[in-house]
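Trainee:
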Amino acid sequence: MNRQVAHGDVKELLLNPKMNIGLLLAFIAIFLAISPVVPGVNWFKLGDFTLDMVNFYHTVMIPFAFLLILYTAELLNLGTLVRKIINISTVPVLLLTVLGMALFYPVSAQNADYVLQAIRDVWMIVIALLFFVSLIIMPFREYERFKAIWGAYFLIAISTLSAGIASVMGMVYEYGTLFGYSSIPAFSNYVASLGGLQTFLGNLVTSHSHEMLPAVMGGIVAVAAVTMKYERLTGWRRHIINAGMLIAVAGTISMTYLYLISSFGTYVIPAIAPFGPGGMNGLALDDSQTGIIGWGALIAILGLYYLSSSNRIEKLAQLAEFFTWIATMAVMIGVGYSMEFNESYYGFGSPGTPPNGGPGYLYDMAFTNGHLLFAFFMMPLVAGLLLIFLKYSPGIDAGKRLFLYLIYAGTAIGGFGVLVYTINLYWLPEAVGLSLLVISVLLLTALYLSQNRKYTSSVSASETAKAQ
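Take 2 as the starting number for the sequence shown in the working numbering and just add one per residue.
1) Can at least three beta-carbon pairs, one atom from the stretch 105-121 and one from the stretch 200-212, be found at a separation below 8 Å?
2) Per DSSP, residue 285 forms a beta bridge with which residues?
3) Going by other Cβ atoms of all chains shown within 10 Å of its Cβ, with 16 needed for buried, is residue 243 buried or exposed?
4) If you draw a straight line from the C-alpha of residue 262 to the C-alpha of residue 268, how long is it?
5) Using DSSP with H/G/I as helix, E/B as strand and the rest coil, what is residue 310?
6) What span of residues does the alpha helix (DSSP H) with residue 176 cover, start to end?
7) What are the start and end residues of the alpha helix (DSSP H) that includes residue 333?
8) Out of 115, 80, 125, 404, which one is the CA nearest neighbour of residue 65?
9) What is the DSSP secondary structure of residue 280, counted as helix, strand or coil?
10) Between residue 331 and residue 298, which are expected to be in contact by the criterion C-beta below 8 Å, what is the C-beta distance as a whole number of angstroms?
11) Kindly confirm or deny that the stretch 274-284 and the stretch 189-202 touch, where touching means at least three C-beta pairs closer than 8 Å.
12) Can residue 1 and residue 361 be called in contact, C-beta distance under 8 Å?
13) Does the structure place the stretch 438-445 close enough to the stretch 407-418 that three or more beta carbon pairs sit under 8 Å?
14) Kindly indicate which residue of 256, 323, 89 has the alpha-carbon position closest to the one of residue 20.
15) Go to residue 189, then tell me how far its alpha helix (DSSP H) extends in each direction, as first and last residue.
16) Measure the Cβ-Cβ separation of residue 221 and residue 385 and say whether it is below 8 Å.
17) Tell me where the alpha helix (DSSP H) around residue 124 begins and ends.
18) Roughly how many angstroms separate the alpha carbons of residue 131 and residue 72, rounded to a whole number?
19) Mind the definition here: the stretch 89-100 touches the stretch 154-164 only if three or more C-beta pairs lie below 8 Å; say whether that holds.
20) So what does DSSP say about residue 470, is it helix, strand or coil?
21) Here's a check: name, in chain order, each residue in its chain whose Cβ is nearer than 7 Å to the Cβ of residue 16, leaving out the five neighbours to either side.
22) Using a Cβ-Cβ cutoff of less than 8 Å, which residues in the same chain neighbour residue 373 once the five nearest sequence positions on both sides are dropped?
23) Should residue 370 go down as buried or exposed, given a rule of 16 or more other Cβ atoms within 10 Å for buried?
24) For residue 467, does the count of other Cβ atoms within 10 angstroms reach 16, so buried, or fall short, so exposed?
25) Can you round the beta-carbon distance between residue 253 and residue 292 to whole angstroms, since I take them to be within the 8 Å contact cut?
26) Return the Cβ separation of residue 170 and residue 264 in integer angstroms, given the expectation that the two are a contact with Cβ distance under 8 Å.
27) I'd like to confirm something about residue 217: is its beta-carbon nearer than 7 Å to some heavy atom of the ligand COA, or not?
28) Ignore the nearest five residues each way along the sequence and tell me which others in residue 61's own chain have a CB closer than 7 Å to its CB.
29) Could you name each continuous beta strand (DSSP E) segment of 3 residues or more that falls completely within the stretch 368-429, going from the start of the chain to the end?
30) Can you tell me which of the three DSSP states residue 234 falls into?
31) Can you tell me whether DSSP reads residue 44 as helix, strand or coil?
32) Can you tell which of 341, 388, 232, 154 has the C-alpha that lies nearest to the C-alpha of residue 274?
33) Below 8 Å between beta carbons: does that hold for residue 376 and residue 329?
34) Report the three-state DSSP secondary structure of residue 356 (helix, strand or coil).
35) Given a threshold of 16 other Cβ atoms within 10 Å of its Cβ, counted over all protein chains shown, does residue 290 qualify as buried or as exposed?
36) Can you have a look at residue 462 and say buried or exposed, based on whether 16 or more other CB atoms are within 10 angstroms of its CB?
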């Protein structure tokens with residue numbers, strides 16, 4: 002009888018989304034906390050992430066992507082079987098991820114590392130595919146719910162598809178980097194026709210990184226709308242939200258198409274209305290499309306504002322969710338676009354005379370590093386975790402307020418810090434902002450686990466009572 006009770010407890014916990022969300026939060030929080038002592042992890046190093054940083058980044062962001070899938074599947078009440086598969090996959094995905102991190106460093110364990118991370122990545126693709134198929138089925142299962150949230154639904158579906166494509170790009174890139182494509186003659190010949198292995202890999206990794214996060218952030222805005230129950234709005238307020246979602250959908254589709262034909266094709270993404278020495282200055286066409294996703298999200302946020310709660314804590318959390326997107330747009334468009342219009346100064350990461358480089362290349366490298374950390378790392382993470390807070394609202398009021406104040410302070414200081422870093426290569430203000438955001442993630446995790454421990458106790462008591 003005791004074995005049956007224990008088996009029931011384990012099964013209940015493994016299939017319980019609240020517990021699995023807690024595991025994912027704890028995993029993310031732990032790795033953020035220990036990042037200063039992880040070998041090779043240097044948050045402020047001019048230019049793109051190093052290989053060590055890329056590995057650490059994916060160690061945090063792949064579980065985060067899984068968390069978004071799990072949360073959204075529960076929020077939309079997707080099929081029972083699919084939700085069970087997602088929940089039961091939580092522990093294996095986390096285990097494979099932590100083993101991948103551990104085996105990344107020893108040279109003797111590289112092959113094992115490749116295998117484990119490949120299994121994890123394929124598992125994630127299968128989960129994402131099941132999630133996407135369930136989304137396609139949803140309107141037929143719950144037509145009334147679909148009608149009520151159709152704008153957010155389409156953005157979630159398209160964002161999922163785009164992020165899935167970007168994930169496949171990343172896997173193809175990783176395989177090519179490690180092994181080349183000589184074992185796949187037809188594909189190897191095709192890669193050669195695109196300009197050779199290095200050209201193909203360069204285009205592929207750019208497409209992967211530039212597509213993934215705009216797709217995820219667009220999806221987060223749509224999930225936030227459903228979390229806040231935007232279907233309760235009527236008239237023009239609801240129309241504004243749906244219009245913003247459709248604009249973001251259009252931007253996601255066009256962005257995805259551009260990155261497909263520029264990575265698996267020969268299309269070279271041009272600048273819009275280029276000017277200056279060698280035509281270096283001008284807004285890149287792909288950045289204009291990712292910008293459309295952002296503008297659509299901001300339009301939707303105008304409508305979502307009317308859902309602001311009368312509860313002060315909940316309203317602070319809702320406004321913090323909006324603030325993350327506004328801060329991201331300020332960095333990506335306010336700073337990023339300004340630099341693109343002055344590429345003859347910022348150049349391509351090397352000193353020289355345009356069009357070969359620009360005297361301000363170091364500042365370009367500082368922006369690359371700064372916006373990767375802020376807009377491509379902490380802002381999506383915080384925006385996603387705020388949804389967990391809005392849905393489950395754990396902890397006492399004092400803890401809630403502290404958590405939210407840290408997010409406001411960290412977002413404001415971190416966003417301003419990107420600008421400071423870009424202007425004078427001084428990274429400390431952004432580091433302070435990011436540190437506050439990391440502390441906020443730790444606090445949220447502690448609050449959530451505290452609440453969930455009470456839930457676990459009640460589950461165990463219930464199971465024991467049934468057995469008796």
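Just so you know, even glycine gets a beta-carbon here, dropped at the ideal spot from N, CA and C. Quick caveat: nothing in here was measured; it's all calculated off a predicted structure.
Mentor: A quick look at the data gives this:
1) No contact exists between the stretch 105-121 and the stretch 200-212.
2) According to DSSP, residue 285 bridges with 272.
3) When all chains shown are included, residue 243 counts as buried.
4) Between the alpha carbons of residue 262 and residue 268 lies a gap of roughly 6 Å.
5) If DSSP states are grouped into helix, strand and coil, residue 310 belongs with coil.
6) Residues 151-180.
7) Bounds of any alpha helix (DSSP H) do not take in residue 333, whose DSSP letter is neither H nor E.
8) Answer by Cα proximity: 125.
9) Helix, per DSSP.
10) Not really, about 13 Å apart at Cβ, beyond 8 Å.
11) Contact fails: fewer than three Cβ-Cβ distances are below 8 Å.
12) Any question about residue 1 goes unanswered here, given that the chain covers just 2 to 469.
13) Note that the stretch 407-418 touches the stretch 438-445; at least 3 beta-carbon pairs, one per stretch, sit closer than 8 Å.
14) Cα-wise, what sits closest to residue 20 is 89.
15) Counting along the chain, the alpha helix (DSSP H) containing residue 189 begins and ends at 186-194.
16) Using a Cβ distance threshold of 8 Å, residue 221 and residue 385 count as a contacting pair.
17) Start and end: 111-142.
18) A straight line joining the alpha-carbon of residue 131 with that of residue 72 spans about 14 Å.
19) Short answer: they don't touch.
20) Residue 470 lies beyond the range of the chain shown here (2 to 469); nothing can be said about it.
21) 85, 88, 89.
22) Counting only Cβ-Cβ distances below 8 Å, and skipping sequence neighbours, we find 49, 50.
23) By the neighbour-count rule (16 or more Cβ atoms within 10 Å), residue 370 is buried.
24) Annotation note: pLDDT 45 at residue 467 (below 50); position unreliable, no value reported.
25) That belief does not hold up - the Cβ atoms of residue 253 and residue 292 are roughly 12 Å apart, past 8 Å.
26) Between residue 170 and residue 264, the beta carbon gap of about 6 Å places them in contact (Cβ cut-off 8 Å).
27) Ligands displayed in this structure: none; no statement on the ligand COA is therefore possible.
28) The beta carbon of residue 61 sits closer than 7 Å to the beta carbons of 29, 32, 33 from its chain, once the five residues preceding and following it are set aside; these are given in chain order.
29) The qualifying runs do not exist here; there are none.
30) Reduced to three states, the DSSP call for residue 234 is coil.
31) Three-state result, residue 44: coil.
32) Of the candidates 341, 388, 232, 154, the one whose C-alpha sits nearest the C-alpha of residue 274 is 341.
33) Between residue 376 and residue 329, the CB-CB gap stays under 8 Å.
34) DSSP, read as helix, strand or coil, puts residue 356 in coil.
35) Taking a 10 Å sphere around the C-beta of residue 290, we find 16 or more other C-beta atoms and assign the residue as buried.
36) Since pLDDT at residue 462 reaches only 48, below the 50 mark, its modelled position is unreliable, and no value is offered.
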